[in-house]
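Taking the working numbering, the leading residue of the sequence shown gets 112, the next gets one more, and so forth.
Worksheet for the structure shown next.
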Amino acid sequence: MKEGISIIKEKLYNIAGISIKIISYQCDLFDSLEPFLVHDSAEINLEIVTKEINKITKPEGFLLIDREAKWVCTSEGYYNNSIYICDENTGEIICKADANQDWSSAEIFILKNNQADKISIFKFLTEIIFRNRIIFKKGIVIHAAAILWQGLGIIFTAPSETGKSTQAELWAKYMGARILNDDRPALRLNDEKTYVYGTPWSGKRELFLNESAPLTAIILLEQALQNSISRLPVTMAVSYIMPRCFLPYYNKTVMEKCLNNLGQMLSDTPVYLLKCRPDLQAVELVNNLFEHK
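In structure tokens form, the structure reads like this:
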């Protein structure tokens, strides 16, 4: 092998039942995905190719999001979505992800010889690609803490800093539950039944498992001085849960598909509002729901 020539490698992963092929010159950039590594797959649902290049061209089109990561949509060409990040000092584009309309095919470009954290960049961009792709496979990613308990999947969701992780940890402590994902689990419909899956994107603590379970309940959290729990009607549950989901506001058609997925999930999954303190009694209130089934 000549010095300086990178070998292109392929790796296969399965995340929430989504088969992903990554073709890369540097597969160690995706080490965070290793717990989801598989050796073969009958069907590839998402293919991601990574490339290191000398200059990244600014994409043209409608600017959807103008933040640290900028998002451009275009109606021309094979790729319809471009997400890129610029160097905060020079303004030069240091990375870009291009994806087609249904997010089944994507390319990630990284600028050669830049000092950016490549691992964090690839992790960030692959997550965005995944959570859009899963919508087309009857799924959605939700901001929540998910646990596995006696074969059941339970998720706790609420605005940030409300106590999702705390409730999950209480269940681990008192009930022997295992934390499936501490921050961004995936939900998918499989034969009209909703399942919750661990994903490798789980916040700072990186608590996740490559496992899944039927989704038994969604627990919405609200801090309170006294513990109480009540079941919400579906119409009210939707309004609570929508802000917790990663929704495709960029495209009306994709949004309709996403909301249809969510509607089907909530039609047979009970949603409860738990007003609570971070204590054992809050755990017991939820546990009583399952004991009386």
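Glycine included, each C-beta is placed from N, C-alpha and C at the ideal position.
Taking residue i and residue j to be in contact with their CB atoms under 8 Å, please state how far apart those CB atoms are, rounded to whole angstroms.
i	j	result
A127	Y308	4 Å
S313	R295	6 Å
C369	P359	6 Å
K100	S143	Residue 100 lies beyond the stretch modelled for the chain, which goes from 112 to 404, so this question has no answer here.
C409	Y195	This structure gives no information on residue 409, because the portion of the chain shown stretches from 112 to 404.
N75	A180	Residue numbering for the chain in the displayed model covers 112 to 404; residue 75 lies beyond these limits and cannot be assessed.
I246	V397	Actually they do not touch by this definition, with Cβ atoms about 29 Å apart.
According to DSSP, is residue i part of a helix, a strand, or is it coil?
i	result
W260	strand
I155	coil
A127	coil
Q137	coil
F220	strand
F241	helix
N399	helix
D209	strand
S323	strand
E199	coil
A393	helix
E145	helix
K122	strand
K249	coil
L236	helix
With a threshold of 16 other CB atoms inside 10 Å of the CB of residue i, please say whether the residue is buried or exposed.
i	result
S135	buried
V345	exposed
Y124	buried
L315	Here residue 315 is Lys; the residue named in the question, Leu, does not match the sequence. It counts as exposed.
T380	buried
H150	exposed
T268	buried
R244	buried
R242	buried
E114	Because E114 carries a pLDDT of 41, less than 50, the predicted location of this residue cannot be relied on, and the following value inherits that uncertainty. E114 comes out exposed.
S186	exposed
I352	buried
Q278	buried
N321	buried
T161	buried
P170	buried
I200	Correcting the residue identity first, residue 200 is Asn in this sequence and not Ile. When all chains shown are included, N200 counts as exposed.
Does residue i come within less than 9 Å of chain D when only Cβ atoms are used?
i	result
D198	Chain labels in this structure do not include chain D; a single protein chain is all it has.
Indicate whether the contact test is met: 3 or more Cβ pairs, each with one atom in the region 218-227 and one in the region 295-312, closer than 8 Å. The answer is no - the region 295-312 does not touch the region 218-227, with fewer than three Cβ pairs under 8 Å.
Given 8 Å, three or more beta-carbon pairs between the region 328-346 and the region 384-397: Verdict: yes, contact present.
Between the region 267-282 and the region 314-334, do at least 3 Cβ pairs fall closer than 8 Å? yes
Runs of beta strand (DSSP E) wholly within the region 332-388 (minimum 3 residues, chain order): Secondary structure in the region 332-388: the beta strand (DSSP E) runs of 3 residues or longer, each lying completely within the stretch, are 339-342 and 382-387 in chain order.
Please confirm if the region 227-234 is in contact with the region 254-266, defined as three or more CB-CB distances below 8 Å between the two stretches. At 8 Å Cβ cutoff, the stretches do not touch.
Threshold first: 4 residues or longer. Then list the alpha helix (DSSP H) segments lying entirely within the region 154-196, N to C. none
Curious, which full-length alpha helix (DSSP H) runs of at least 4 residues does the region 265-291 contain? Listed in chain order, they are 275-286.
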